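Quick mapping for you: the protein sequence lines, in order, are chains Z and D. Be aware that the first sequence starts at 127, since it is given in my numbering, and climbs by one per residue. Be aware that the second sequence starts at 127, since it is given in my numbering, and climbs by one per residue. Each residue gets a CB set at the ideal place from its N, CA and C atoms; glycine is no exception. On a predicted model such as this, the values are computed, not experimentally measured, just so you know. All remarks here apply to the structure that follows.
Number of protein chains: 2
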Amino acid sequence: MTEKRSKKSQALRERLIDAAWRRIATVGLSGLTARELAAEANCALGSIYSAFDDLDQLAMYANLKSLGMLERCLVAAKTGRTGADALRSLGCAYARFAIENRLAWEALFDLRLLHPQPASADFVDAHSHLLSLITDALREIPVDTTPQDLSARSRTYFAAVHGIVSISLQGRFVGHPPERLEAEIDAFVTLLADGLAAEAGSARSPQQ
Amino acid sequence: MTEKRSKKSQALRERLIDAAWRRIATVGLSGLTARELAAEANCALGSIYSAFDDLDQLAMYANLKSLGMLERCLVAAKTGRTGADALRSLGCAYARFAIENRLAWEALFDLRLLHPQPASADFVDAHSHLLSLITDALREIPVDTTPQDLSARSRTYFAAVHGIVSISLQGRFVGHPPERLEAEIDAFVTLLADGLAAEAGSARSPQQ
Numbered sequence: 127m128t129e130k131r132s133k134k135s136q137a138l139r140e141r142l143i144d145a146a147w148r149r150i151a152t153v154g155l156s157g158l159t160a161r162e163l164a165a166e167a168n169c170a171l172g173s174i175y176s177a178f179d180d181l182d183q184l185a186m187y188a189n190l191k192s193l194g195m196l197e198r199c200l201v202a203a204k205t206g207r208t209g210a211d212a213l214r215s216l217g218c219a220y221a222r223f224a225i226e227n228r229l230a231w232e233a234l235f236d237l238r239l240l241h242p243q244p245a246s247a248d249f250v251d252a253h254s255h256l257l258s259l260i261t262d263a264l265r266e267i268p269v270d271t272t273p274q275d276l277s278a279r280s281r282t283y284f285a286a287v288h289g290i291v292s293i294s295l296q297g298r299f300v301g302h303p304p305e306r307l308e309a310e311i312d313a314f315v316t317l318l319a320d321g322l323a324a325e326a327g328s329a330r331s332p333q334q
Numbered sequence: 127m128t129e130k131r132s133k134k135s136q137a138l139r140e141r142l143i144d145a146a147w148r149r150i151a152t153v154g155l156s157g158l159t160a161r162e163l164a165a166e167a168n169c170a171l172g173s174i175y176s177a178f179d180d181l182d183q184l185a186m187y188a189n190l191k192s193l194g195m196l197e198r199c200l201v202a203a204k205t206g207r208t209g210a211d212a213l214r215s216l217g218c219a220y221a222r223f224a225i226e227n228r229l230a231w232e233a234l235f236d237l238r239l240l241h242p243q244p245a246s247a248d249f250v251d252a253h254s255h256l257l258s259l260i261t262d263a264l265r266e267i268p269v270d271t272t273p274q275d276l277s278a279r280s281r282t283y284f285a286a287v288h289g290i291v292s293i294s295l296q297g298r299f300v301g302h303p304p305e306r307l308e309a310e311i312d313a314f315v316t317l318l319a320d321g322l323a324a325e326a327g328s329a330r331s332p333q334q
């Protein structure tokens, strides 16, 4: 009986997460209201608060779903590629994901959800896994760095590509139009990879 | 008499812009309320709306003041430097400005002020001038690109550095702690410059 109830409450949680995700993806995080969610998930308003602490916590689980989708896109982009080629493909796939899932992607970086305490272990895991895709690609370029440096560099390159995508999709005049974005990211990541190869080359053959 | 009135209204505008800037720099854009501003600029509440269309317009002028400060920092950082050295110095100065003027810098990228119609010519001018500092530095590295490419690249590199600074200052675990930020930006811009030099080198001596 308890197990049945727990299964039922798990099903409700998942229905609510799906409903929240759809709402975020179509209207944006600001459109996430309890009333709309209850209607979409076909449950009582109070059920939301028995399943989650508050709407922010529910939004974080919806974000976790987005991170899962992003991860599948990135894994597919990296499959069969290594080094600079993999880096480029990851960068372009990130831009495409942001363009195609604009509002869900924006919600990932909403300041309101900056400190995801309740889901923080899951979040850190999901982000770490995404970053490890970059670290793996970097490891295939002969770079002369410690694992710690490699982790810092992965974060830097992610933030750089994210910055280009972000400023462009916000429609700022310092950005690029969406149809130019992938080509710009491609050229940019190529440049990073060329820089890494050049630095590795000069580290291997220092001036004597 | 008309001239006197116009001088007086110009003085009020400037007092209000200064007051708005101080308010944004100490409390943030969300703390910009008409009541607080009127008190700080020592004027009637209604005077704000005779001098500006609304608080968003006033905030945009305060942002223009921040852009002027940023420009002075960047010009100072570039003085006496060229090429890769200038690019590195510009990147580090940008990170420092963001750290030292955190809230005023954040307001520059607030979505609420995304489309600064009333001040748009001034804004585009200010941004163009900032970007030209990057373009000038790029021109000093022997890059094999058209002026149009150079402008696109300047915007890409700005957005990349901005992304690294931005994700780090938001305190995200994919970012870097503030005390590591300048060193990371330095290494990152060095890498970009190395990539540019490598690409220019291989363009000059193509495989035949």
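What in chain Z is Cβ-close to residue i, meaning under 7 angstroms?
i: F284/D; result: V300
i: E310/D; result: A278, T282
Between residue i and chain Z, is the shortest Cβ-Cβ distance under 8 angstroms, so that the two count as touching?
i: I260/D; result: no
i: G209/D; result: no
i: S215/D; result: no
i: G206/D; result: no
i: H253/D; result: yes
i: E325/D; result: yes
i: I225/D; result: no
i: I174/D; result: no
i: D163/D; result: One detail in the question is off: residue 163/D reads as Leu in this sequence, not Asp. Not closer than 8 angstroms to any Cβ of chain Z, the Cβ of L163/D fails to qualify, so no.
i: L257/D; result: yes
I need the boundaries of the alpha helix (DSSP H) containing residue i, first residue and last residue.
i: D182/D; result: 181-204
i: R161/D; result: 160-167
i: S367/Z; result: Within the shown structure, residues of chain Z are numbered from 127 to 334, placing residue 367/Z beyond reach of any answer.
i: D211/Z; result: 209-226
i: Q274/D; result: 273-295
i: A177/Z; result: 171-177
Can you find a C-beta in chain D that's less than 8 angstroms from the C-beta of residue i?
i: G194/Z; result: no
i: G321/Z; result: yes
i: F380/Z; result: Here chain Z has residues from 127 to 334 only, and residue 380/Z is not among them.
i: I293/Z; result: yes
i: L264/Z; result: no
i: R139/Z; result: no
Should residue i and residue j be called a contact, given that it needs their Cβ atoms to be closer than 8 angstroms?
i: A164/Z; j: L158/Z; result: no
i: A212/D; j: E266/D; result: yes
i: M216/D; j: A230/D; result: The sequence given here places Leu at residue 216/D; Met does not occur at that position. Their beta carbons are not under 8 angstroms apart, which means L216/D does not touch A230/D by this criterion.
i: L257/D; j: F223/D; result: no
i: A221/Z; j: S192/Z; result: no
i: L155/D; j: D236/D; result: yes
i: E310/D; j: T282/Z; result: yes
i: A167/Z; j: R141/Z; result: yes
i: R228/D; j: L295/D; result: yes
i: F178/D; j: A286/Z; result: no
i: A341/Z; j: L190/Z; result: Absent from the model: residue 341/Z. The displayed extent of chain Z is 127 to 334, so no value can be given.
What residues from chain D crowd round residue i, counting only those whose CB sits closer than 8 angstroms?
i: G157/Z; result: Correct list: empty, because the minimum Cβ distance to chain D is about 15 angstroms.
i: L317/Z; result: L318, G321, L322, E325
Could you check the C-alpha separation between residue i and residue j for me, to the nearest Å?
i: R148/Z; j: Q183/D; result: 35 angstroms
i: A324/D; j: H288/Z; result: 24 angstroms
i: L307/Z; j: A278/D; result: 11 angstroms
i: Q334/D; j: S254/D; result: The pLDDT assigned to Q334/D is 37, lower than 50, so where the model puts this residue is not dependable; a value taken from the coordinates is nonetheless given after this. Distance between the alpha carbons of Q334/D and S254/D is about 40 angstroms.
i: L318/D; j: G321/Z; result: 6 angstroms
i: Q136/D; j: L181/D; result: 17 angstroms
i: L198/D; j: V300/D; result: As written in the sequence, residue 198/D is Arg, which differs from the Leu given in the question. Distance between the alpha carbons of R198/D and V300/D: 30 angstroms.
i: R139/Z; j: T152/Z; result: 20 angstroms
i: I260/Z; j: I143/D; result: 44 angstroms
i: G194/Z; j: A188/Z; result: 10 angstroms
i: T316/Z; j: A210/Z; result: 7 angstroms
i: E226/D; j: M186/D; result: 20 angstroms
i: I174/D; j: V291/D; result: 34 angstroms
i: R131/Z; j: T272/Z; result: 50 angstroms
i: P304/Z; j: D312/Z; result: 13 angstroms
i: A326/Z; j: E162/D; result: 56 angstroms
i: K81/D; j: A263/D; result: One cannot answer for residue 81/D here, as it falls past the ends of chain D, which runs 127 to 334.
i: I150/D; j: H302/D; result: 25 angstroms
i: L276/Z; j: I293/Z; result: 26 angstroms
i: Q274/Z; j: P268/Z; result: 15 angstroms
i: P332/Z; j: L200/Z; result: At P332/Z the pLDDT is 48, less than 50, meaning the model places this residue with poor confidence and gives no usable figure here.
Comparing the CB of residue i with every heavy atom of the ligand PLP, is any distance shorter than 7 angstroms?
i: Q296/Z; result: Among the components of this structure there are no ligands whatsoever, and the ligand PLP is therefore not found.
What in chain D is Cβ-close to residue i, meaning under 7 angstroms?
i: I290/Z; result: T282, A285, A286, G289
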